[in-house]
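Residue numbers (the working numbering): -15 to 448.
Okay, structure first, notes after.
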RNA sequence: GCCCCCAUCGUCUAGCGGCCCAGGACACCGCUCUUUCAAGGCGGCAGCACGGGUUCGAAUCCCGUUGGGGGCGCCA
C-alpha cells in the first residue's frame, strides 16, 4: 500500500504560517514519494465547525499551490464512527465514565500535584458523563519519529485523559486515532507541540485493535524573536495577511520550506520541481526556527524581480486599484506599464508599488517634509537650479537621454555633479529624495506637468 | 510540580569522525557601478553553549551541566 499523509488543521478561519509549513512538508513528501495527500478538518468542537472558517484555510492552501488528493474530510461528519469506537473501548474496559469537575480534581490532587487526573472514577461504575481512557499503569509507548528517533513515554506518566465529552462528542485525541486508522495514514507529519499527545493517540489506537503504527515526523516549531511558539496575539501568523501585504505565493512557499529543511548545494531559491525532487522528511532538522520576515522579504524581492514584466504588472494591479493613494480615475495602466520595470526592481513586497508611482497619478506630488528639507530647502543653489531646469526643460527634447544631458549640463554650471543637481528636481517632481530613475519619470510624466511642478516648487522656495 | 523536545555566525542553515583553524543565504558594514534609491559586482564582520569522556583524530559519537522551548483542558 502506498504512502498516505494528511494535513489536519482545526478550523480557525485562517491558515497559520506554522500550519502552512506543516501542510507544505506533508504535501512535498507525498509528491516526492508519489503518495496521497489527504486534507482533514478536525472540527470536533461544534463551535469551530463553520464553513467559512474552513474556506479560509482552503483558500490559503490553494494560494500556496498545495492541492489535496482526498478530502476535505470533516470530523464533524464522522461522529458515528467515534461513538462506536468509544463504545468499543468502554466495552473492552479501556475506558470509563467520569463525572469529576476540574475543581474537584484540583481539590483532590492539591497544590503541586499538577493537572494530572487521579483516576478517581476508574472503578466507580458510572454509566454517564465524560469518558476517560484508562491508561496502562505500567509499560511504555514508543513513538517512532523520523526526525527525532524513537521517543519513549512511560505509561505511568500518562493520565487517564478524556476521549468523549459529556455531550457525547469526541475529543481530538480519539477522533485523530480513529481517523488515522480509518484513512490508513502511514506518515503523520505535524508540529512538535503535538509530540506529548502522540503516546495517547497510540494507546487509543492499540486499544482499538489496530495492528500497525504510523511513522511520525514531528516538525520543529516556528518561533518568534523571543524563541517562543508563534502566537496569534503577538505575531503576524496568518498566511492570508502576508498575501495581502504583497508577498508572492512562490516566495512564501520557498521561504517556508527553508524553515527546518534545506536543499543540497548553496542555492536556496528553488522552484517547485526541485523542492519536490529533493525534499525528504528525514532531512528535516529537529530544532526550532525563527520566522524572519527580513529574509522572507529578501526572497520575495528576488521573486518579484524574476517575474516577467507583464506578470509583475498584473500582480501589482490589486494594490494599484484597491484603495490607492490617488483618485482612482486618474490611474493610467499604460503609464504604469512604462515604468513597471523600474518599479519591479525596487519593490520587495507588492504593497511597496503604489508609493513608487504615486507622483504619476496625483495632481500634485505628496511632498515629504524631510525630503523637501534635505533635497531642496537646505541646498543653497536650489532656486537657481530649479530656474535653470525650468528654462532648459522648456526647450529640450523630451526623452530620458536628452533630459539627462540637459540636467547634467545645468548642474555643471553650478559646480554640481549630477547626483547633487538632480535632487531638488526629484523632490519637486516626485515629492521624495528617492525613487525610480528621474529622467524616465519626467519623460513619462510629460513636459507640461513637470514644468508645472517645478514652478510650484520654485514658488514655495521663494515664499517666506 | 511532572513529562518531552532542542542546542553551528544576530537569523535560516551546510556539516552526518579526518576534505572544517567550519561553507552558503538573510541582516549588518565597507568599496565599486551609478541620475537618487534599488539591483549588480567585490570585500568584511560574525558561530561549533559549557564540562567530561570515546578515538590516533570530534562541530560531528556517549554522559552530564547550563540554557531555551513544548506539553500536562470535557481546545486541537
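Backbone N, C-alpha and C fix where the C-beta goes; we use that ideal spot for every residue, glycine too.
Assignment of residue 132 by DSSP, reduced to helix, strand and coil, places it in the coil class.
Partner residues in the beta bridge of residue 175, as assigned by DSSP, are 203. The continuous stretches of alpha helix (DSSP H) do not include residue 78, and DSSP gives it neither H nor E.
Excluding residues up to 5 positions away in sequence, 326 and 384 lie with their Cβ nearer than 8 Å to the Cβ of residue 421 in the same chain. Between residue 432 and the set 357, 373 and 107, the nearest pair of CA atoms involves 373. Counting only runs that start and end inside the stretch 8 to 79, the beta strand (DSSP E) elements of at least 3 residues fall at 20 to 25 and 54 to 58. Of the other Cβ atoms in all chains shown, 16 or more fall within 10 Å of the Cβ of residue 205; this residue is therefore buried. Exposure of residue 317 is indicated by the presence of fewer than 16 other C-beta atoms within 10 angstroms of its C-beta. Per DSSP, the beta-bridge partners of residue -9 are 23. Contact annotation, residue 115 with residue 148: C-beta distance approximately 4 Å; criterion of less than 8 Å satisfied. With a cutoff of 9 Å on beta-carbon distance, residue 321 and residue 297 are scored as near each other. The three-state secondary structure of residue 170, taken from DSSP, is coil. Considered as a whole, the stretch 228 to 311 harbours 233 to 241, 256 to 262, 277 to 290 and 293 to 305 as its complete alpha helix (DSSP H) runs of no fewer than 4 residues, in chain order.
A check of alpha carbon separations from residue 417 across 362, 378, 389 and 368 identifies 362 as the nearest. If the five residues before and after residue 195 are omitted, its C-beta is found closer than 7 Å to no C-beta atom of its own chain. Minimum Cα-Cα distance from residue 268 among the listed residues 352, 176 and 340 corresponds to 176. Short of 8 Å from the beta carbon of residue 438, and not among the five residues preceding or following it, lie these beta carbons of its own chain, in chain order: 370, 373, 374, 377, 409, 412 and 413.
The stretch 308 to 316 and the stretch 249 to 259 do not touch, with fewer than 3 CB-CB distances between them shorter than 8 Å.
When C-alpha distances from residue 344 are compared across 393, 15, 415 and 136, the shortest belongs to 415. Cβ contact annotation for residue 226 (same chain, cutoff 7 Å, sequence separation greater than five): 236, in chain order.
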